[in-house]
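Data first, discussion second: the structure below is written as structure tokens.
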Amino acid sequence: MRLIDESAAVREAFPAEYTDVAAAVTELGDPSVLMLVLAVLFWIRSAERRETALVISYAFAGVAFLVTLETILNVPRPPEELFRIPQEPDDYGFPSGHAFAAAVVYGGLCSALAFDRDRSSARSRGRTTLAVVGTALLIVLVSLSRVVLGVHYLGDVIAGAALGIAFVLAMDRATDGTPKRGFAIGVLLSIPAVAVSAGAANALLGLGGAIGGVLGSSRLPALPALRSRLEAAVLTAVGGGVVAALTAIEAAVAAFAPAVVALYAAIVCWLFLVPAIVGRLEIGILEGPARPSR
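The sequence shown begins at 2 in the working numbering and counts up one residue at a time.
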């Protein structure tokens with residue numbers, strides 16, 4: 002089922018001197034990178050914030066779902082002698098988390114953005130086809146990079162990518178395009194994840210992020226549209242700076258699960274609130290200080 006012999010053939014076919022290339026590609030499926038991509042898209046593409054918020058909800062719900070599944074299955078990674086990069090030895094091997102996450106995020110973005118467009122013209126249909134092909138290629142590359150690096154077997158990544166696509170389709174139906182509903186599902190999925198994993202870090206991430214999303218996504222209709230590229234740059238700088246500062250204190254609260262959950266909730270709330278905060282600051286700067294009436 003894990004296709005061990007086929008995995009060896011893939012590893013041997015990839016030159017060892019290009020391991021750094023595979024390591025760079027695999028980062029495109031890393032949860033931190035995926036969340037950065039989603040956050041920046043949310044901040045700079047104001048016309049598509051609802052769709053991006055929907056995919057963010059899929060990501061946190063998916064984290065919780067995968068934690069539960071991996072813990073129950075309890076299938077180990079390949080032996081450490083196959084690893085081409087440093088890796089936590091006690092991580093689960095089946096299904097592949099990177100393949101699953103890439104399918105959920107990139108597949109979710111393709112589903113939410115490409116398929117919501119008007120496809121009546123040949124040009125629109127062509128763009129949709131290009132988006133689907135590009136998304137599939139990206140998921141395949143991330144998945145194969147895990148096999149090349151020796152941290153997963155081929156069967157692990159096939160299962161992870163297939164589960165990710167199925168998860169997106171299920172969430173599409175369950176949420177009916179409502180981000181808040183997606184985050185609520187994430188909260189529900191996080192409860193068993195925290196229980197079966199005894200409060201594993203990713204389970205707490207799923208719970209905190211989903212709670213923050215339920216709270217923050219309530220502000221979606223009131224968020225102002227972007228007025229300039231400069232505002233988009235300021236949003237990214239301010240939003241990313243605060244997220245980095247909040248993330249920096251994670252180690253200090255790691256031993257206390259409720260604090261970790263609260264921290265992740267605060268980070269996701271901030272992600273949703275920063276466009277309104279920066280928008281108000283910009284208006285205040287443009288209008289200048291109020292002049293006293295005579």
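Just so it is clear, CB atoms sit at the ideal spot from N, CA and C, and this is done for glycine as well.
Owing to the predicted nature of the structure, the values given are computational and were not obtained by experimental measurement.
May I have the straight-line CA-CA distance separating residue i from residue j, to the nearest angstrom?
| i | j | result |
| --- | --- | --- |
| Ile192 | Trp44 | 29 Å |
| Ala263 | Ala48 | 29 Å |
| Ala260 | Val254 | 6 Å |
| Glu7 | Leu131 | 30 Å |
| Ala10 | Phe168 | 29 Å |
| Thr129 | Ala115 | 5 Å |
| Tyr265 | Leu206 | 6 Å |
| Ala175 | Gly156 | 28 Å |
| Ser146 | Ile212 | 32 Å |
| Ile296 | Ala62 | A question about residue 296 goes unanswered here, because the residues of the chain that appear run from 2 up to 295. |
| Pro32 | Pro96 | 15 Å |
| Val133 | Phe257 | 42 Å |
| Leu287 | Leu37 | A caution first: Leu287 carries a pLDDT of 48, below 50, which makes its placement in the model too unreliable to give a value. |
| Ala113 | Asp92 | 31 Å |
Quick one: give me the first and last residue of the alpha helix (DSSP H) that residue i is part of.
| i | result |
| --- | --- |
| Thr179 | Unbroken run through Thr179: none, as it is neither H nor E. |
| Ala54 | 50–74 |
| Gly299 | The question about residue 299 has no answer, for the chain in this structure spans 2 to 295. |
| Ile5 | 5–14 |
| Ala255 | Counting along the chain, Ala255 falls outside any alpha helix (DSSP H), and DSSP gives it neither H nor E. |
| Asp21 | 20–27 |
So what's residue i in DSSP terms, helix, strand or just coil?
| i | result |
| --- | --- |
| Pro87 | coil |
| Pro77 | strand |
| Phe95 | coil |
| Arg46 | coil |
| Ala226 | coil |
| Ser122 | Confidence at Ser122 is low in this model, with a pLDDT of 48, below 50, so its placement is unreliable and the value that follows should be read with caution. Here Ser122 sits in coil by DSSP. |
| Asp157 | helix |
| Asp31 | coil |
So the candidates are the options; which of them puts its Cα closest to the Cα of residue i?
| i | options | result |
| --- | --- | --- |
| Leu164 | Phe101, Val143, Lys181, Glu28 | Phe101 |
| Val34 | Val134, Val215, Arg230, Val143 | Val143 |
| Val64 | Ala103, Met2, Leu247 | Ala103 |
| Met2 | Ala160, Thr20, Gln88 | Ala160 |
| Val243 | Ala267, Ala226, Leu231 | Ala267 |
| Phe84 | Leu29, Asp21, Arg228 | Asp21 |
| Glu52 | Ile86, Val105, Gly178 | Gly178 |
| Gly214 | Ile250, Pro180, Val105, Leu231 | Pro180 |
| Glu28 | Ala252, Ala249, Leu139, Arg182 | Leu139 |
| Phe72 | Gly94, Pro87, Gln88, Ala60 | The sequence shown places Thr at residue 72, not Phe. Ranking the options by Cα distance to Thr72, first place goes to Gly94. |
| Gly240 | Leu216, Leu272, Asp92 | Leu272 |
*Take every Cβ of the segment 77–92, pair it with every Cβ of the segment 142–161, and state whether three or more of those distances are shorter than 8 Å.*
yes
*Do the segment 27–45 and the segment 229–241 touch if we need at least three Cβ pairs shorter than 8 Å?*
yes
*Should the segment 201–219 be called in touch with the segment 12–31, which here means at least 3 C-beta pairs below 8 Å?*
no
*asked:* For the structure I just gave you, are there three or more beta carbon pairs, one from the segment 263–280 and one from the segment 205–220, closer than 8 Å?
replied: yes
*asked:* I'd like to know if the segment 56–64 and the segment 103–118 are in contact, where contact means that at least 3 CB-CB pairs between them fall below 8 Å.
replied: yes
*Three or more beta-carbon pairs under 8 Å between the segment 178–196 and the segment 66–73, yes or no?*
yes
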